[in-house]
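Visitor:
In this note's numbering, the protein residues as written are 8 to 161.
1) Where do the N-terminal and C-terminal ends of the beta strand (DSSP E) with residue 10 fall, by residue?
2) Do you know how far the Cα of residue 48 is from the Cα of residue 75?
3) Where does residue 85 sit, in a helix, a strand or coil, going by DSSP?
4) Kindly indicate which three-state DSSP category residue 70 falls into: helix, strand or coil?
5) Quick check on DSSP: helix, strand or coil for residue 107?
6) Of the choices 125, 43, 141, whose alpha-carbon is the least far from that of residue 101?
See the structure below:
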């Protein structure tokens, strides 16, 4: 699948954030929220650092975007994240009214956008989010593999 230049640009920013997470000994996941071609929120996993199970990259990016816009509603905003969002992060995206979720690679253990759950396809929800996957998939997988490989050696 071919992706737009802007999709590569924003996912690359998310990948840079994932690298920061890895350097801080966090699961390497990064996320950015984009509105009108500008990044309005950024985040990377900080679960260990903050001792907070909810400190996922997506939650931090969504919160930053909401603070930036002074609104809980992020209509016409896109979320770019290096790994398929979990249930919590997918739910937060719905509550925020995110328009599109772009992610690099599927997460077969916790993914809620097609792996173990497919929340965006749930007909009972009153908001629809489009899912686009595969942008920088190999790069994201490599970051994850390197991180977990180093963890197993410890």
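We put the beta carbon where it would ideally sit given N, CA and C, even for glycine. Computed from a prediction, not measured in an experiment: that's the story for all the values here.
Guide: Here's the rundown:
1) Residue 10 -> no beta strand (DSSP E), and no H or E assigned at all.
2) Per the coordinates, the alpha-carbon of residue 75 lies some 7 Å from the alpha-carbon of residue 48.
3) DSSP places residue 85 in the strand class (E or B) of the three-state scheme.
4) The answer is helix: DSSP assigns residue 70 an H, G or I state.
5) Residue state, collapsed to three classes: strand.
6) For the residues 125, 43, 141, the minimum Cα distance to residue 101 belongs to 125.
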